[in-house]
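A short worksheet on the structure shown next.
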Amino acid sequence: MDLSDRTVLVAGGTSGIGRELARRFAAAGSTVAVGGRSPQALAELAAEGFGTVSVDVTDSASVAAARDTVLARYPELDTVVITSGVMLLEDLRDPAHFEAAATTIDTNLLGTIRVVDAFTPHLIQRGAGTFVTVTSGIAFLPFPPMPGYAASKAAVHAYSEALRAQLDGTGVGVVELVPPAVATAGQEKVNPHALPLDDFATEVMHLLAQDPTPHEILVQGVLAHRWAERDGTYDDLVAQRSQALAMLPGRQG
Ligand SMILES: NC(=O)c1ccc[n+]([C@@H]2O[C@H](COP(=O)([O-])OP(=O)(O)OC[C@H]3O[C@@H](n4cnc5c(N)ncnc54)[C@H](OP(=O)(O)O)[C@@H]3O)[C@@H](O)[C@H]2O)c1
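Those letters in the sequence shown? Residues 1 to 253, by full-length UniProt numbering.
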């Protein structure tokens, strides 16, 4: 993908990975609009020169309104990056976890589907474009403290594969970004192994720039997770990662 001449919407670009990718696309020469809920973050990004749009991906009407706003201003939009997501801990021994599970599925899975649905007619009508969905190494190797999150990301992986097959022949491609732990969203405080955001984004942009663009964007740091099942390391790694269950509030003391 030529990163210098795209017209990009980053849905969920008000912080973390999305905001950094928005800045990288802009630095490469592309035109970039950013969506999210935080008015303050949107105002700061507008001051940086980004187009901004308020969007809540859990609300179909909000997504449709954002789509209309974006396409009115950027009729040449060709790339939709969906980084919106939440990462929540859940203790499955306490049924009160359900609310977190529902929020996670609504945001990460249904939110992705809402955004894809909103822009699919436009991209098909253009005859060229790219969806970038965002999963996680956790889609391929569960992290037991975040079960709903793992399920949501495994689902977005499966959905992305089917979407790619269904859009085959339309000119619209689907790229799945599979981050490992990256030092954003509080990860930097709890996970010493989280990749610095800057290093992660540099590797991602290098991979995205390949022609043809790979179906999955896999930085070096995620390969052990992505291929654990194939490599026979899955059971050991899940057992190792299960030690993190001690971080759940109900399991302490
Ligand atoms: N950091 C990691 O270690 C890691 C690893 C693997 C995958 N990922 C995935 O990468 C993506 C970005 O994560 P991040 O680490 O950059 O986290 P982050 O800094 O918390 O960013 C999450 C983004 O999602 C947006 N968002 C959340 N709920 C939304 C909603 N209902 N509607 C619209 N936007 C919403 C937030 O914007 P507003 O609050 O302004 O709405 C924010 O821009 C997520 O999908 C995450 O699951 C992250």
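Idealized CB from N, CA, C, for every residue including glycine.
Any non-hydrogen atom of ligand 1 within 7 angstroms of residue i CB
i	result
arginine 37	yes
serine 84	yes
alanine 41	yes
glutamine 220	no
serine 160	no
glycine 13	yes
serine 136	yes
aspartate 56	yes
methionine 205	no
valine 182	yes
proline 179	yes
isoleucine 105	no
glycine 111	yes
isoleucine 217	no
alanine 101	no
N-terminal and C-terminal residue of the alpha helix (DSSP H) that residue i is part of
i	result
alanine 239	234 to 242
valine 8	Run containing valine 8: none in the alpha helix (DSSP H); it sits in the beta strand (DSSP E), 7 to 11.
valine 70	60 to 73
threonine 202	197 to 208
valine 213	It should be noted that the sequence gives threonine, not valine, for residue 213. From DSSP, threonine 213 is part of no alpha helix (DSSP H); its letter is neither H nor E.
threonine 52	No alpha helix (DSSP H) contains threonine 52, which is instead part of the beta strand (DSSP E) from 51 to 54.
threonine 103	98 to 104
phenylalanine 25	16 to 28
serine 160	147 to 167
leucine 141	Leucine 141 -> no alpha helix (DSSP H), and no H or E assigned at all.
proline 39	39 to 48
histidine 225	223 to 226
Residue range of the beta strand (DSSP E) that includes residue i
i	result
phenylalanine 131	129 to 134
isoleucine 124	Counting along the chain, isoleucine 124 falls outside any beta strand (DSSP E), though it belongs to the alpha helix (DSSP H) covering 111 to 126.
glutamate 90	Counting along the chain, glutamate 90 falls outside any beta strand (DSSP E), and DSSP gives it neither H nor E.
valine 175	172 to 177
isoleucine 82	79 to 82
alanine 246	Run containing alanine 246: none; DSSP gives neither H nor E here.
threonine 31	31 to 36
Beta-carbon contacts of residue i that lie in its chain and below 6 angstroms, excluding the five residues immediately before and after
i	result
glycine 173	Thr130
threonine 170	Ile124
serine 84	Ala11, Gly12, Val57 and Gly111
aspartate 211	none
Contacts around residue i, its chain only, beta-carbon distance under 8 angstroms, and the 5 residues preceding and following it disregarded
i	result
glutamine 220	Glu203
arginine 251	Asp91 and Leu245
valine 34	Leu9, Val10, Gly13, Thr14, Gly18, Arg19, Ala22, Leu42, Leu45, Phe50, Gly51, Thr52 and Val53
Expected contact under 8 angstroms - CB spacing of residue i and residue j to nearest Å
i	j	result
leucine 3	methionine 205	6 angstroms
valine 63	valine 115	6 angstroms
proline 185	leucine 195	Proline is not the amino acid found at residue 185; the sequence shown has alanine there. Alanine 185 to leucine 195, Cβ: 13 angstroms. No contact.
valine 222	glycine 148	Valine 222 to glycine 148, Cβ: 20 angstroms. No contact.
leucine 167	valine 132	That belief does not hold up - the Cβ atoms of leucine 167 and valine 132 are roughly 13 angstroms apart, past 8 angstroms.
alanine 181	histidine 193	6 angstroms
tyrosine 159	isoleucine 217	Actually they are not in contact, since the Cβ atoms of tyrosine 159 and isoleucine 217 sit about 16 angstroms apart, beyond 8 angstroms.
proline 144	arginine 241	6 angstroms
Beta-carbon proximity list for residue i, same chain, < 7 angstroms, skipping 5 on both sides
i	result
phenylalanine 25	Leu3, Arg6, Val8 and Val32
leucine 109	Ser152, Ala155 and Val156
serine 38	Thr14
arginine 126	Asp78
tyrosine 234	Leu141 and Ala228
proline 214	Leu207
methionine 87	Met146, Tyr149 and Ala185
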